[in-house]
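Enquirer:
In our numbering, the protein residues as written are 2 to 699.
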């Protein structure tokens, strides 16, 4: 039975065990707060300002001073206890209050937030585009890290937040929404957070508010008018994901889930809600991929917290139980292609200079880091699942979610729990994958097929670079009618194998389902946009025809994070010089023109316009292939009709990193494709030479 169907039958029809439900509810009932915190917040978008009064009831907490973080830009208006002004010191974002007793402390303050918001960002490595806090009539975003409210160095806090806003501006934060009112003149809402938090984020804007429910979990949609028609789709899909993950991991840990539109292109997963930019929320694939990814973070990252002493495991796990899982449900071949794309992206974007251990990944700051912290870490969980089996894998994750909700864990905790549940020491498995900066590299050698009295014997040698990894390797033999596969454990630099079959094999494949993480060889890696982005030796060349305007050239270089690359004129470069670099060529000329099978539309664009500088319609494209002067390097051609619209195309190209050809008409992508390499060292036609991967496109 297919792997995806087995998963659905074994997990999605299970009710979470009573012990898990009891564990979660016991945690909630026993988490007595030492501090009650009431925040009365008044937003003033037109002035980019907020005013607030924080009332902090210390209860039985015995201390002489109260220490809080507050944004350095704040103006503290008063600090009182029993209507009496208290002594305090406010310097460099630290507010220290000398207490009289344990009576409530009132802190009045005001602050302005006006981080500039990008309107046309060229890249998305920083998912917040450097915006920590901004208040405006168009929208408000206040991140937890900016300390927009006086923050205690204490997690045992119960918050009640009362927010008032002018006009139709509505605000949302974490927690249970106790009250909401608006009449067109002003809006108010009250939120209660009675579970541990590491900081609160707030968003506000002229929202239309939609509501739904999944079981007992309220679902909200806070959408701008122009996107309101998408709200029902997002709420319906949110119900699906919440149901999926409650079956997989246990009860949803927050009082509500909300999809909130942001006025700049974020993609944040926050405790109880996700904040998606207007340009992001309209992308057709977001509701079927990214939305579920952010909801999965409710359990992993926002629910069970990351202990960063061993890096950030949550992005890899969330990618596996969201993005990869959806591909599994679509079909095993889709899941295989997904994993293969991650291996190719990793090989294209990383190199000896920028690779680091998985345990050093903290957050996404660039594409190579993302290939490690998301892609490689995702593959670790995939390999773990193969090591322990489906039942133990999913059951252990469910147990961790129940027992460690709102606590910090690291990679060692996964190792310990899986060791207990499998009855064997999983430490070597985790140690090699999270701590090493080198990657497995395998070769298949000395393969032979011999006829025996009972059939056929296939022999060969598996090799890996030293120091070796401990690998679980699948070997598959096939012919036109039959298939046979075995798993061997490769623990040394090389291992011989022999496999008997009653029929003659025609092909042998190592790791045919791409279940192992490994560093692919250069001959296996297609030429893609990621190849240019990952180049550590790039030269930009300006040709003579089909040139995109200079602004588009600079935009593409910036989006590829190659904005320091020198730009030279084609007529001033020799073939020898061009052979020493990966190339990004703007336009074409008689010497610099791609010699590769092209999308028919790109082929017409290049072949029919050799003698002109402009073309009809707004056409643009990018073609990536091997460098014609050195097949060990890559070359890309960015061509257009010269119109300024090419700037917007250039801004979008880096988002299609896995593709080798893109074609745009009037700014709309109408074609994309990837031609996979012809050879892989891990697949051999027995007696017929190396076999090939098929070309793919979509």
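Just so you know, even glycine gets a beta-carbon here, dropped at the ideal spot from N, CA and C. All values reported here derive from a predicted model rather than from experimental measurement.
(1) Suppose you measure from the CA of residue 307 to the CA of residue 269; what does that come to, to the nearest Å?
(2) Just curious, the alpha helix (DSSP H) that residue 160 is in, first and last residue?
(3) Could you tell me the alpha carbon to alpha carbon distance between residue 534 and residue 437, rounded to whole angstroms?
(4) Kindly indicate which three-state DSSP category residue 451 falls into: helix, strand or coil?
(5) Kindly identify the DSSP beta-bridge partner or partners of residue 148.
(6) Going by other Cβ atoms of all chains shown within 10 Å of its Cβ, with 16 needed for buried, is residue 115 buried or exposed?
(7) If we call anything under 7 Å between Cβ atoms a contact, is residue 238 one with residue 284?
(8) Is any heavy atom of the ligand HEM found at a distance shorter than 6 Å from the C-beta of residue 676?
(9) Let me know if residue 186 comes out buried or exposed under the rule of 16 or more other beta-carbons within 10 Å of its beta-carbon.
(10) In whole angstroms, what is the alpha-carbon distance linking residue 330 and residue 274?
(11) Indicate the three-state DSSP secondary structure (helix, strand or coil) for residue 582 in the structure shown.
(12) Secondary structure at residue 194, three-state DSSP: helix, strand or coil?
(13) Identify whether residue 363 lies in helix, strand or coil by the three-state DSSP scheme.
(14) List the residues that DSSP assigns as beta-bridge partners of residue 219.
(15) CA-CA distance, residue 641 and residue 630?
(16) Please list, in chain order, all residues of the same chain as residue 83 whose beta carbon is under 8 Å from its beta carbon, the five residues on each side excluded.
(17) Among all the DSSP beta bridges, which residues are the ones paired with residue 206?
(18) Distance, Cα to Cα, residue 394 vs residue 109?
(19) Using the beta-carbon count (16 or more within 10 Å), is residue 462 buried or exposed?
(20) So who's on the other strand from residue 495, going by DSSP bridges?
(21) Are there 16 or more other CB atoms within 10 angstroms of the CB of residue 78, so buried, or fewer, so exposed?
(22) Which class does residue 343 belong to by DSSP, given the choice of helix, strand or coil?
(23) On the CB-based measure, 16 or more other CB atoms within 10 Å of its CB, does residue 699 come out buried or exposed?
(24) Where does residue 511 sit, in a helix, a strand or coil, going by DSSP?
(25) On the CB-based measure, 16 or more other CB atoms within 10 Å of its CB, does residue 425 come out buried or exposed?
(26) Where residue 113 and residue 207 are concerned, what is the direct C-alpha to C-alpha distance, given to the nearest angstrom?
(27) Between which two residues does the beta strand (DSSP E) containing residue 631 stretch?
(28) In this structure, how does DSSP classify residue 1 when only helix, strand and coil are distinguished?
(29) Would DSSP call residue 82 helix, strand or coil?
(30) In chain order, what are the residue ranges of uninterrupted beta strand (DSSP E) at least 3 long that sit wholly in the region 259-347?
(31) Leaving out five residues on either side along the sequence, give the residues of the same chain with a beta carbon under 6 Å from the beta carbon of residue 314.
(32) If we count the other Cβ atoms within 10 Å of its Cβ and call it buried at 16 or more, is residue 583 buried or exposed?
(33) With DSSP as the reference, label residue 556 as helix, strand or coil.
(34) Among 384, 245, 410, which residue has its Cα nearest to the Cα of residue 310?
(35) Which same chain residues, not among the five before or five after residue 514, have their C-beta less than 6 Å away from its C-beta?
(36) Helix, strand or coil for residue 95 per DSSP?
Expert: Well, looking at it:
(1) 16 Å
(2) No alpha helix (DSSP H) contains residue 160, which is instead part of the beta strand (DSSP E) from 158-167.
(3) 24 Å
(4) strand
(5) Bridge partners of residue 148: none, in fact.
(6) exposed
(7) no
(8) Judged by which ligands are present, the structure shown has none, so any question about the ligand HEM falls away.
(9) exposed
(10) 25 Å
(11) coil
(12) strand
(13) coil
(14) 214
(15) 23 Å
(16) 101, 102, 104
(17) 171
(18) 50 Å
(19) exposed
(20) 464
(21) exposed
(22) helix
(23) The predicted position of residue 699 is uncertain, since its pLDDT is 38 and thus under 50; no value can be drawn from it.
(24) strand
(25) exposed
(26) 19 Å
(27) 631-641
(28) Only positions 2 to 699 of the chain appear in this structure, which leaves residue 1 out of reach.
(29) strand
(30) 268-271, 274-278
(31) 412
(32) buried
(33) helix
(34) 410
(35) 337
(36) strand
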